[in-house]
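There are 2 protein chains.
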Amino acid sequence: MELVVKKFGGTSVGDLGRIKHVARLIHGYLTLNPQHKVVTVVSAMSGETDKLIQLARSCVENPAPREMDVLLATGEQVTIALLAMSLIELGVPARSLLAQQAKISTDRSYTQAQILDINVDTVRETLEKGQIPVVAGFQGVDEEGNVTTLGRGGSDITAVALAAALEARACYIYTDVPGVYSADPRICSRAKLLSRVCHEEMLEMASLGAKVLHPRSVYFAMRYKVPLVVMSTFSPGSGTWIVREEKLMEKPVVTGITYRLDDAKITIRKLPGGIEALSQVFGSLARADIFVDMITQTGLVEGRTNISFTVPDELSSRALEVTQNCVPELGAEGASLERDIAKVSVVGLGMRYHAGVAARMFEALAKEKIDVQMIGTSEIKISVIVPRKYCEVAVRSLHDAFMEMKPEVNEEQYPPAT
Amino acid sequence: MELVVKKFGGTSVGDLGRIKHVARLIHGYLTLNPQHKVVTVVSAMSGETDKLIQLARSCVENPAPREMDVLLATGEQVTIALLAMSLIELGVPARSLLAQQAKISTDRSYTQAQILDINVDTVRETLEKGQIPVVAGFQGVDEEGNVTTLGRGGSDITAVALAAALEARACYIYTDVPGVYSADPRICSRAKLLSRVCHEEMLEMASLGAKVLHPRSVYFAMRYKVPLVVMSTFSPGSGTWIVREEKLMEKPVVTGITYRLDDAKITIRKLPGGIEALSQVFGSLARADIFVDMITQTGLVEGRTNISFTVPDELSSRALEVTQNCVPELGAEGASLERDIAKVSVVGLGMRYHAGVAARMFEALAKEKIDVQMIGTSEIKISVIVPRKYCEVAVRSLHDAFMEMKPEVNEEQYPPAT
Numbered sequence: 009m010e011l012v013v014k015k016f017g018g019t020s021v022g023d024l025g026r027i028k029h030v031a032r033l034i035h036g037y038l039t040l041n042p043q044h045k046v047v048t049v050v051s052a053m054s055g056e057t058d059k060l061i062q063l064a065r066s067c068v069e070n071p072a073p074r075e076m077d078v079l080l081a082t083g084e085q086v087t088i089a090l091l092a093m094s095l096i097e098l099g100v101p102a103r104s105l106l107a108q109q110a111k112i113s114t115d116r117s118y119t120q121a122q123i124l125d126i127n128v129d130t131v132r133e134t135l136e137k138g139q140i141p142v143v144a145g146f147q148g149v150d151e152e153g154n155v156t157t158l159g160r161g162g163s164d165i166t167a168v169a170l171a172a173a174l175e176a177r178a179c180y181i182y183t184d185v186p187g188v189y190s191a192d193p194r195i196c197s198r199a200k201l202l203s204r205v206c207h208e209e210m211l212e213m214a215s216l217g218a219k220v221l222h223p224r225s226v227y228f229a230m231r232y233k234v235p236l237v238v239m240s241t242f243s244p245g246s247g248t249w250i251v252r253e254e255k256l257m258e259k260p261v262v263t264g265i266t267y268r269l270d271d272a273k274i275t276i277r278k279l280p281g282g283i284e285a286l287s288q289v290f291g292s293l294a295r296a297d298i299f300v301d302m303i304t305q306t307g308l309v310e311g312r313t314n315i316s317f318t319v320p321d322e323l324s325s326r327a328l329e330v331t332q333n334c335v336p337e338l339g340a341e342g343a344s345l346e347r348d349i350a351k352v353s354v355v356g357l358g359m360r361y362h363a364g365v366a367a368r369m370f371e372a373l374a375k376e377k378i379d380v381q382m383i384g385t386s387e388i389k390i391s392v393i394v395p396r397k398y399c400e401v402a403v404r405s406l407h408d409a410f411m412e413m414k415p416e417v418n419e420e421q422y423p424p425a426t
Numbered sequence: 009m010e011l012v013v014k015k016f017g018g019t020s021v022g023d024l025g026r027i028k029h030v031a032r033l034i035h036g037y038l039t040l041n042p043q044h045k046v047v048t049v050v051s052a053m054s055g056e057t058d059k060l061i062q063l064a065r066s067c068v069e070n071p072a073p074r075e076m077d078v079l080l081a082t083g084e085q086v087t088i089a090l091l092a093m094s095l096i097e098l099g100v101p102a103r104s105l106l107a108q109q110a111k112i113s114t115d116r117s118y119t120q121a122q123i124l125d126i127n128v129d130t131v132r133e134t135l136e137k138g139q140i141p142v143v144a145g146f147q148g149v150d151e152e153g154n155v156t157t158l159g160r161g162g163s164d165i166t167a168v169a170l171a172a173a174l175e176a177r178a179c180y181i182y183t184d185v186p187g188v189y190s191a192d193p194r195i196c197s198r199a200k201l202l203s204r205v206c207h208e209e210m211l212e213m214a215s216l217g218a219k220v221l222h223p224r225s226v227y228f229a230m231r232y233k234v235p236l237v238v239m240s241t242f243s244p245g246s247g248t249w250i251v252r253e254e255k256l257m258e259k260p261v262v263t264g265i266t267y268r269l270d271d272a273k274i275t276i277r278k279l280p281g282g283i284e285a286l287s288q289v290f291g292s293l294a295r296a297d298i299f300v301d302m303i304t305q306t307g308l309v310e311g312r313t314n315i316s317f318t319v320p321d322e323l324s325s326r327a328l329e330v331t332q333n334c335v336p337e338l339g340a341e342g343a344s345l346e347r348d349i350a351k352v353s354v355v356g357l358g359m360r361y362h363a364g365v366a367a368r369m370f371e372a373l374a375k376e377k378i379d380v381q382m383i384g385t386s387e388i389k390i391s392v393i394v395p396r397k398y399c400e401v402a403v404r405s406l407h408d409a410f411m412e413m414k415p416e417v418n419e420e421q422y423p424p425a426t
């Protein structure tokens, strides 16, 4: 039995017409692949979850998280019912399954629960009866039977976790774009649709702003070795396969250029050197639940250093306040916030084997006279912080600089079936 | 422990302001009655269930009943979450419970399921933790864990069934009117709010069109001896208690005058006499799922009779068709439909012990020159069919004729506590 999981996001089921389109798409797939079994996972209709959050916030100031999850879970409940009805009308037997029916067990961290286990008995029984299970994404149930939700990107996680538990051949993520591009096609006209990337690259790209997949779901897919396919619900195409590194024929030096506009930069001037000061600053930020991304430090001048770090933009005012509260005690000169920044990154597995990526990157940016304010690196990516107004120019120039480079060839040639 | 169940209907939770009002009402009740425990049951926000039905029907022609119930159940899920949040914000610990959490077991007749059993363990545990259970009305779960719904009036049934299972002292039904009236106050200005009626009377009045309670819930309350209280969510007052007959101090000859405009009348002219013909007509109607209410027959003239019966107005065209199909075979002259009729009834326990109610009824109608087309009686009610245009006049004249009569006095004086 060839089993695949197909997940349809909020825009794919955004109205009744689209829900019926999804039903026809599944019907068409089964007609072409009669030997396949399909498990579907759906999100709430786009905008519905935000509407429910708004409803709760209009009702009370601080909605109790347990009750918030009971409320939010209705979003997916509506779509599974409508999709199951639409499939049945097309003559495709189907059966909607809520989280407690699909036995998706989570911890009890309401509004951001983690999946602990999926008992796939009901899903398998449903398949054995010849019915398509239509599973509510985004939701789970804790050991006491309380409704939980998985937070943003939750439906992708449900789909990947189900695919892992069912040992599915692949998990298809249907969305409103044809797949993953080498750069955002809205700002880089030469961006190419990638036919294959590996989980590690996709994880970096997702974290860095390629909004097609939530990093948590990519991480999950990587950990459980689930091949992912991202493709469009609305236009035919083969999409982007996200596979294990060893299944890639080629390892491009740079697979994609990504950017993110959601960060802000805080700089502490003339901080006395030494690990105690750093520890105090970042300890205070951690206690305030502020996530710090990049950190850079200038060399010591007269025993003092300038230190910069980036934080999520929506937390930046609070982060500045926390930082400024540390300033007097530490004897620093002051702290300031800069919000007009962009983080631009090049990502690619081949980077591991190829020297000179950073040099080529700086050369390309220098040609456009773009100042680099901070630099961060990992094994397979290099990120820079640049003034926000230069973001698009930076992406385009980096794309031009890297996309023509010859890829490394994988010796173990293994074309994944499509 | 004094335990009460309080059920809030769709208009009582019709918007966020009203949901917060309900939370304050419960908070106020508990402040005044600290020794009481309260279990709440809520409906979907008014109009929400119809909106969901509409959504399903816009999506597919014949929604699969199982999926319809998954969809409809979201309506109450939204209100339990919002009410629980609102209670928690007021400092009243609360916990929403879906049907599967409150363990409300039903058969699997989707969209019109019957409650088979309620295991009240979770509700009791919730109470023992000092939390108010906020239970979703209208929904249940079958033995395989499928979501079911109870049909129209379902939330009242949930409330009454819970009150029975918990052996609650009373089940309060909060609605948008102050209680049950001796006649519809919109058409009869002298209508009085009734402080007490018995289940049997209320059952007749509910079936006959007093829309405050669904007959199924009254039947349930009667069967399980649950005292019901109907009162307004919005204006203070003691409402109407619906109690066991033996708890009534007085048994008025006529408790109320009701009317219904939802019937149509079909007449078969010159049907050959004999039980075979009748059996064939009503057998055909039954096979077409058409519910027949009143039936009258004229005396035989030359071996033939005219027969009239009433059916729900929305089924009347189909009923006429079924009837007309029988006409040639039976050798009757023809069948006709009359839709402009009203059913007006007088209901009262005391009627059992009091002769002359029918006589007084006809006298009152004759005074207004209202023709009576059909007559039906039970132990505690007399119904007549009159032309629809005379409905309001008939109700007012009957109210005047009966409401001044002295009640029978119950020997076992038992004023129910309020």
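Chains A and B, in that order, are what the protein sequence lines are. Using the working numbering, count along the first sequence one by one with no gaps and you end on 426. Using the working numbering, count along the second sequence one by one with no gaps and you end on 426. Just so it is clear, CB atoms sit at the ideal spot from N, CA and C, and this is done for glycine as well.
The closest CA to that of B:I126, considering only B:Q147, B:S117, B:K137, B:Q120, is found on B:Q147. Less than 9 Å separates the beta-carbon of B:E387 from that of B:R360.
For A:G148, the enclosing beta strand (DSSP E) stretches over residues 147 to 149. Assignment of beta-bridge partners to A:T157 by DSSP yields A:Q147. Sixteen is the threshold: when 16 or more other Cβ atoms of the shown chains lie within 10 Å of the Cβ of B:R268, as they do, the residue is buried. Proximity of A:R204 to chain B, defined by a Cβ-Cβ separation below 9 Å, is not satisfied. Going by C-alpha positions, B:E84 is about 5 Å away from B:A144. In the three-state DSSP reduction, B:C196 falls in the coil class, being neither helix nor strand.
When Cβ-Cβ separations below 9 Å define contact, B:E151 makes no contact with chain A. Against chain A, the beta carbon of B:I88 has neighbours under 7 Å at V78, listed in chain order.
Counting only unbroken stretches of 3 or more residues, the beta strand (DSSP E) elements lying wholly within the region 22 to 109 of chain A are 44 to 50, 102 to 105, in sequence order. Annotated three-state conformation of B:T263 is coil, per DSSP. Just so you know, the alpha carbons of A:A366 and A:I303 end up roughly 18 Å apart. A:Q109 reaches chain B at G153, counting residues in chain order whose Cβ is nearer than 7 Å. When DSSP states are grouped into helix, strand and coil, B:K255 belongs to the helix group. Annotated as proximal: B:T248 and B:L201, with beta-carbon spacing under 9 Å.
Pairwise C-beta distances place the region 202 to 210 of chain A in contact with the region 236 to 255 of chain A, as three or more of them are shorter than 8 Å.
Relative to A:M411, the option among A:M76, A:S190, A:T183, A:D150 whose CA is nearest is A:S190. Rounded to whole angstroms, A:C179 and A:Q108 show a C-alpha spacing of 21 Å. Using a CB distance cut-off of 9 Å, A:L106 counts as an interface residue toward chain B.
Across the region 19 to 49 of chain B, CB contacts with chain A closer than 8 Å involve L24, I27, K28, in sequence order along the chain. For A:A402, the enclosing alpha helix (DSSP H) starts and ends at 399 to 410.
Between the C-alpha atoms of B:L158 and B:D129 there is a straight-line separation of about 22 Å. Taking every protein chain shown into account, the CB of A:P244 has fewer than 16 other CB atoms within 10 angstroms, so this residue is exposed. By the neighbour-count definition (other C-beta atoms within 10 Å, threshold 16), A:A343 is a buried residue.
For B:V155, the closest C-alpha among the options B:F299, B:T263, B:Y118 is that of B:Y118. Ranking B:F317, B:R65, B:I390, B:G311 by CA distance to the CA of B:F299 puts B:F317 first.
Below the 8 Å Cβ cutoff, chain A contributes no neighbours of B:V128, its closest Cβ being approximately 15 Å away. Between A:T183 and A:T241, the C-beta gap is smaller than 9 Å, which places the two residues in contact. Shown here, B:I298 sits in coil according to DSSP, grouped into three states, outside any helix or strand. For the region 62 to 74 of chain B, residues whose beta-carbon sits nearer than 8 Å to a beta-carbon of chain A comprise L63, A64, S66, C67, V68, E69, N70, P71, A72, R74. DSSP places A:N314 in the strand class (E or B) of the three-state scheme. Across the set A:A121, A:V394, A:I112, the C-alpha of A:V394 shows the shortest separation from the C-alpha of A:V352.
Residues of chain A with a Cβ closer than 7 Å to the Cβ of B:T82 are, in chain order, T82, Q85, V86. Taking all protein chains in view, the Cβ of A:L221 is crowded by 16 or more other Cβ atoms within 10 Å, so the residue is classified as buried. Interface flag for A:I140 against chain B is unset, since no Cβ pair is found closer than 9 Å.
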